[in-house]
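Have a look at the structure below, then the notes.
Numbering (the working numbering), first residue to last: 798 to 1050.
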């Protein structure tokens, strides 16, 4: 890589880190940059996963106050996404490139719809059970299963996995959006760490790209957490939906 290409990858890492902690579509920025620099897609995907681990670390550190509010949910999110990502990483290494290309954009669009409509869906669900007035602050079996499936997708490719996790946790739990955003950031981190460890031992990686992404993403992740905390919930929800739609359209091209 040239000096300018090094700067471009660091900038991509910074942008991806910001998106990891806010709207959850980090790979929309970093993955295309790596491919544009001539790195093969599968190598770029695996390198991107490893390089964005610091983004999740920085973001989770920035959101530590929110994560302390729900310790049981926090640990369950980590466990389910970590286990799911093992399957996702195995799929990436075993299946031909692009197997899910035709369905993933539509899946992202569907989760964007859920994120946008989540306040109305939650109110409707609670109106169907008027006797159940206690807020849902623990993950039920259905939410746990879908969180694990999101972890599978995160280990396989990951673009839009943060949006998917926002939809899963937003529907399954009655928590403030800033807390859900913190849990989403930690979920992405858990999936990236486990998948990244697998890739380090069995996949081809570009360690220069990983180092440059990591340098930018840890700063972006930490800064993004502070931005995500102060954004009004409605604005944050709108930004998440717009980012998810943008990611889906980009993948459909």
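All residues carry an ideal CB built from backbone N, CA and C; glycine is no exception.
Given residue i as reference, the closest of the options once Cα atoms are compared
i	options	result
residue 908	967, 1016, 984 and 933	967
residue 850	932, 914, 827 and 978	827
residue 975	838, 951 and 1037	1037
residue 885	868, 846, 859 and 866	846
residue 867	981, 830, 1035 and 953	981
residue 860	839, 1023 and 1030	1023
residue 1042	996, 1031, 1030 and 957	957
residue 962	802, 994 and 871	871
residue 996	808, 840, 802 and 869	840
CB of residue i within 9 Å of CB of residue j, strictly
i	j	result
residue 853	residue 986	yes
residue 905	residue 1045	yes
residue 1018	residue 978	no
residue 810	residue 1010	yes
residue 818	residue 1047	no
residue 874	residue 964	no
residue 814	residue 1013	yes
residue 954	residue 889	yes
residue 1015	residue 855	yes
residue 877	residue 798	no
residue 879	residue 948	yes
residue 832	residue 805	no
residue 1035	residue 913	yes
Classification of residue i by the beta-carbon crowding that lies within 10 angstroms, buried from 16 upward
i	result
residue 902	buried
residue 1040	buried
residue 800	exposed
residue 1001	exposed
residue 973	exposed
residue 892	exposed
residue 1004	exposed
residue 934	exposed
residue 992	buried
residue 998	exposed
residue 1049	exposed
residue 1031	exposed
Presumed contact (8 Å Cβ cut-off) between residue i and residue j, rounded CB distance
i	j	result
residue 882	residue 988	4 Å
residue 844	residue 1007	5 Å
residue 1027	residue 821	Wrong, their Cβ atoms sit about 17 Å apart, outside the cutoff.
residue 940	residue 970	7 Å
Quick one: which unbroken alpha helix (DSSP H) runs of 4-plus residues sit fully inside the stretch 832-861? Chain order, please.
Counting whole runs of 4 or more residues, the stretch 832-861 contains the alpha helix (DSSP H) stretches 838-848 and 850-859.
Which runs of the alpha helix (DSSP H) fall wholly inside the stretch 934-993 and span at least 4 residues, in chain order?
DSSP runs (the alpha helix (DSSP H)) wholly in the stretch 934-993: 938-953 and 958-969.
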